[in-house]
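Under the working numbering, the first residue of the sequence shown is numbered 216, with each subsequent residue one higher. Every residue, glycine too, gets a C-beta built ideally from N, C-alpha and C. Following: one structure in structure tokens, then a few remarks.
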Amino acid sequence: MGAFGLLIAALSAHDTQRQKLTYCQLGGDKAALGSATSFGALSPYLDVANLFQFLLAFLGQRR
């Protein structure tokens with residue numbers, strides 16, 4: 216399970232860096248920052264769900 220935790224940590228770091236860059240690029244546009252904040256809050260959950268889906272497809276048995 217150590218590799219899984221490391222992967223989640225790497226995805227979290229990537230998302231945090233992407234949110235920081237988005238914030239700097241948007242500047243003071245409050246409407247755009249509102250939607251970027253919503254996406255930034257949803258992004259880690261989507262990462263975990265996509266990773267879980269990938270693992271199910273990768274480890275699942277096919278007939």
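Within the continuous alpha helix (DSSP H) that includes residue i, where are the two ends?
| i | result |
| --- | --- |
| R233 | G217 to L241 |
| Q268 | K245 to L274 |
Beta-carbon within less than 7 Å of residue i's beta-carbon, same chain only, minus the 5 sequence neighbours each way: which residues are those?
| i | result |
| --- | --- |
| S258 | D230 |
Take residue i and list the residues in its own chain whose beta-carbon comes closer than 8 Å to its own, dropping the five residues that flank it on each side.
| i | result |
| --- | --- |
| A251 | Q234, T237, Y238 and L241 |
| F219 | none |
| S248 | Reading off the sequence, residue 248 comes out as Leu, not Ser. Only Y238 and L241 meet the Cβ criterion. |
Who are the near neighbours of residue i in its chain, counting only those whose CB is closer than 6 Å to its CB and skipping five residues on each side?
| i | result |
| --- | --- |
| D262 | L226 |
| G255 | Q234 |
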